[in-house]
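Q: So the sequences go chain by chain: Z and W.
Under our numbering, the final residue of the first sequence carries the number 261; numbering is consecutive throughout.
Under our numbering, the final residue of the second sequence carries the number 1213; numbering is consecutive throughout.
Before anything else, here's the structure in question.
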Amino acid sequence: MSTTPDTTPAIEFRDVIKRFGDNVVLDGLSFSVAKGDRVTLIGPSGSGKTTILRLLMTLEEADGGLILIDGDPYTHEYRGQKWVEIPEKRRRAVRKRVGMVFQQFNLFPNMTVLENIIEAPMHVLGHNRKQATARAEELLEQVGMAEKRDAKTTELSGGQQQRVAIARALAMDPEILLLDEVTSALDPEIVADVLGVLRDVAENTDITMLLVTHEMQFAREVSNRVLMFDHGRIIEEAHPETMFTAPEHERTQEFLKAVLG
Amino acid sequence: MNDIWSWERAWEVLPDLLYGFRLTILATVVGTAIAAVLGLFVALARRSSVRWISVPVGVVVEFIRSTPLLVQLVFVYLALPTVPGIVVGCAVLGVHYATYMSEVYRAGIDAVPRGQWEAATALNLPRSRTWRDVVLPQAIRKTLPGLGNYAISMFKETPFLFAISIVEMFAAAQNYGANTFSYIEPLTMVGLFFLAASYPTSLLVRRMEKRLA
């Protein structure tokens, strides 16, 4: 425990540029997320929200700017005047602090539920099978999937798969958890289950969370900050209560009206 | 010599054919093993981001695929006179079919969804571990029927080994015919042997295709 509070942001974007062909998705985006923050990114599709998560997971490469995780440059850095890529070995050390849950779950179908969860703790964190299994069972209990421990992932419903995927991400003890539209592929009656699991995680851990979601009620309950994106820029930023009841920007008002109905 | 078909001659040639059939099977099994393993490495090499690996391998593969198996067999056999024919035969069959099987592997690897790679990255799995535990197990499952079909087609091309003096089943039949001027029985039997072996195998492969689909 340090005596002075650590004020280094968990995540910092500095003038990040991302293009897909001629399409400029992020045009010099800067923002930061404090440790333990729960930030919801909202905005129309194509506004760059998911791209931000994908950049943070190194699934996309930025075309300019810096991304810092806990103050450490992640994918690129400036050496002298030059913007250079950071080699995979150093990226891995930073990436270890970041976890992600996907819209399409992306469980490994060639493994059982348990194997999905212990794979990375064993081969990345160096845990032995016993340690990893004990932790996995704890997490499966937590997400309500303990009895499916040895099931094939293909036998699970979407909601069950997503709960396993959440357990799999948590098994890596991430400092930052990225949630990319995690309920968008689920049947409406299942959505509540998955959100319940995430609410638990939010209440019982101090993991920094960055979520892209269309579940505004959930965003309101879980997050302490909402960023409204449009064309790769943050056009409004507020506490969820303010954002959802009294948005200032005209685009935000339109967007929320369309989403909330 | 008047009758078209003689059971006596059929009986007489049977041991020769069975002996030849053993070589046919040997060449197919060894050739398939070489092709299956080498094919995987070729597929991985062609995907390599290191251009001085992917480009030369690609050139060699295209060269082998665009020249006839028979020519390759005879060429290697004559170029390496000290190497026994059966070794040349198995090796050439294996390398030739490795180029086909590499394409099957490539398709299987490409069929693994992007999300699997992304999940592996998100879990920070090292590249080699991602291949070993995530991508290849899924890809190879999808390639099994394709590999099976190439194994069958290799089996049916083993008579080319005749050209490099390996007395497999077809050569045994030819020899018998050359000595007795009776080709009908031995060649009919060769055909039936091939049919008896490859038809059930292809049924098996088809079932595998359905089950893995």
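Backbone N, C-alpha and C define an ideal beta-carbon position, used for all residues, glycine too.
Since we're looking at a predicted model, the values are computed, not measured.
Please check if any C-beta of chain W sits within less than 9 angstroms of the C-beta of Pro73 (chain Z).
A: So no, Pro73 (chain Z) is outside the interface.
Q: Roughly how many angstroms lie between the CA atoms of Ile52 (chain Z) and Arg135 (chain Z), to the nearest whole one?
A: Straight-line Cα distance between these residues: approximately 30 angstroms.
Q: What are the start and end residues of the beta strand (DSSP E) that includes Gly99 (chain Z)?
A: From DSSP, the beta strand (DSSP E) with Gly99 (chain Z) extends over Val98 to Val101.
Q: Straight-line CA distance for Leu68 (chain Z) to Ile11 (chain Z)?
A: Approximately 6 angstroms between the Cα atoms of the pair.
Q: Looking at Glu248 (chain Z) and Ala238 (chain Z), is the spacing between their C-beta atoms short of 9 angstroms?
A: It is a contact, given that the beta carbons lie within the stated cut-off.
Q: Considering Leu1136 (chain W), what are the terminal residues of the alpha helix (DSSP H) in which it resides?
A: Segment Leu1136 to Glu1157, the alpha helix (DSSP H) holding Leu1136 (chain W).
Q: Hey, out of W:Lys1210, W:His1096 and W:Arg1065, whose CA is closest to Phe1155 (chain W)'s CA?
A: Checking every option, the nearest Cα to that of Phe1155 (chain W) belongs to W:His1096.
Q: Grab the span of the beta strand (DSSP E) containing Asp15 (chain Z) for me, first residue to last.
A: Ile11 to Phe20 is the extent of the beta strand (DSSP E) around Asp15 (chain Z).
Q: Looking only at its own chain, which residues have a Cβ that is under 6 angstroms from the Cβ of Met243 (chain Z), when we skip the five neighbours before and after it?
A: The answer, listed in chain order, is Val226.
Q: Suppose the cutoff is 6 angstroms on Cβ atoms and the five residues either side in sequence are ignored; what does the same chain contact list for Thr252 (chain Z) look like?
A: Same-chain partners within the cutoff: Met228 and Glu236.
Q: Return the residue from the list Z:Phe20, Z:Leu211, Z:Lys148 and Z:Asp173 that minimises the CA-CA distance to Glu161 (chain Z).
A: A quick correction: the sequence has Gln, not Glu, at residue 161 (chain Z). Out of Z:Phe20, Z:Leu211, Z:Lys148 and Z:Asp173, Z:Lys148 has the C-alpha closest to the C-alpha of Gln161 (chain Z).
Q: If I'm right that Val1104 (chain W) touches Leu1069 (chain W) with Cβ under 8 angstroms, what's the distance once you round it to whole angstroms?
A: No, Val1104 (chain W) and Leu1069 (chain W) are not in contact; Cβ-Cβ is about 17 angstroms, not under 8 angstroms.
Q: Quick one: does Gly1115 (chain W) have its CB under 9 angstroms from some CB of chain Z?
A: By this cut-off, Gly1115 (chain W) is an interface position.
Q: Leaving out five residues on either side along the sequence, give the residues of the same chain with a beta carbon under 6 angstroms from the beta carbon of Ser32 (chain Z).
A: Closer than 6 angstroms at the Cβ level, and outside the excluded window around Ser32 (chain Z), lie Pro9 and Glu12.
Q: Rounded to a whole number of angstroms, what is the C-alpha to C-alpha distance between Asp63 (chain Z) and Glu119 (chain Z)?
A: Spanning the two alpha carbons is a distance of roughly 32 angstroms.
Q: What are the boundary residues of the beta strand (DSSP E) that includes Asn23 (chain Z)?
A: Start and end: Asn23 to Val33.
Q: Under 7 angstroms Cβ-Cβ, which residues of chain W neighbour Arg163 (chain Z)?
A: Here the premise fails: no neighbours, minimum Cβ distance about 15 angstroms.
Q: I need the DSSP call for Val1071 (chain W), collapsed to helix, strand or coil.
A: Looking at Val1071 (chain W) - three-state DSSP - the assignment turns out to be helix.
Q: For the alpha helix (DSSP H) containing Ala74 (chain Z), name the first residue and the last one.
A: First, the amino acid is wrong: residue 74 (chain Z) is Tyr here, not Ala. It is not in any alpha helix (DSSP H) - Tyr74 (chain Z) carries neither H nor E in the DSSP assignment.
Q: Any beta carbon from chain W within less than 9 angstroms of His76 (chain Z)'s own beta carbon?
A: Not an interface residue.
Q: Note down, in chain order, every chain W residue with its Cβ under 7 angstroms from the Cβ of Gln104 (chain Z).
A: Gly1115, listed in chain order.
Q: Closer than 9 angstroms by beta-carbon distance: list the chain W residues that pair up with Phe108 (chain Z), in chain order.
A: Those within 9 angstroms of Phe108 (chain Z) in chain W are Gln1116, Ala1119, Ala1120, Asp1133, Val1134, Pro1137 and Gln1138.
Q: Output the boundary residues of the beta strand (DSSP E) element that contains Leu211 (chain Z).
A: Leu211 (chain Z) -> beta strand (DSSP E) spans Thr208 to Val212.
Q: Is Pro87 (chain Z) buried or exposed, if buried means 16 or more other CB atoms sit within 10 Å of its CB?
A: The residue is exposed, with fewer than 16 neighbouring Cβ atoms inside 10 Å.
Q: Exposed or buried, which one is Pro240 (chain Z) when buried takes at least 16 other CB atoms within 10 Å?
A: With 16 or more other Cβ atoms within 10 Å, it is buried.
Q: Using 8 angstroms as the cut-off, can you tell me whether the segment 1154-1173 of chain W makes contact with the segment 206-225 of chain Z, which would need three or more C-beta pairs spanning the two stretches below that distance?
A: With a cut-off of 8 angstroms, the segment 206-225 of chain Z and the segment 1154-1173 of chain W do not count as touching, because too few Cβ pairs lie within range.
Q: Kindly indicate which residue of Z:Glu215, Z:Gly36, Z:Ala165 and Z:His76 has the alpha-carbon position closest to the one of Asn224 (chain Z).
A: Checking every option, the nearest Cα to that of Asn224 (chain Z) belongs to Z:Gly36.
Q: Where does the unbroken beta strand (DSSP E) through Leu178 (chain Z) begin, and where does it stop?
A: Unbroken beta strand (DSSP E) run through Leu178 (chain Z): Ile176 to Asp180.
Q: Given that a residue counts as buried once 16 or more other Cβ atoms are within 10 Å of its Cβ, and exposed if not, what is Phe105 (chain Z)?
A: With 16 or more other Cβ atoms within 10 Å, it is buried.
Q: Quick check: the Cα distance between Leu1195 (chain W) and Val1088 (chain W), rounded to an integer number of angstroms?
A: About 26 angstroms.
Q: Just the Cα atoms here: how many angstroms apart are Arg1022 (chain W) and Ser1128 (chain W)?
A: Whole-angstrom Cα-Cα distance: 39 angstroms.
Q: DSSP beta-bridge partners for Thr40 (chain Z)?
A: DSSP, once it has assigned bridges, lists Z:Leu211 and Z:Val226 as partnering Thr40 (chain Z).
Q: Applying a beta-carbon distance threshold of less than 7 angstroms, which residues of chain W neighbour Leu59 (chain Z)?
A: What Leu59 (chain Z) touches in chain W: Glu1118 and Thr1121.
Q: Could you pull out every residue in the same chain whose Cβ sits closer than 7 angstroms to the Cβ of Met994 (chain W), ignoring the five residues on either side in sequence?
A: A query on residue 994 (chain W) cannot be resolved here, the shown segment of chain W reaching from 1001 to 1213 and no further.
Q: How big is the Cα-Cα spacing for Ala1043 (chain W) and Trp1117 (chain W)?
A: Cα-Cα distance, rounded: 17 angstroms.
Q: Look at Glu181 (chain Z) and His214 (chain Z) and say whether their C-beta atoms are less than 9 angstroms apart.
A: Contact flag set, yes.
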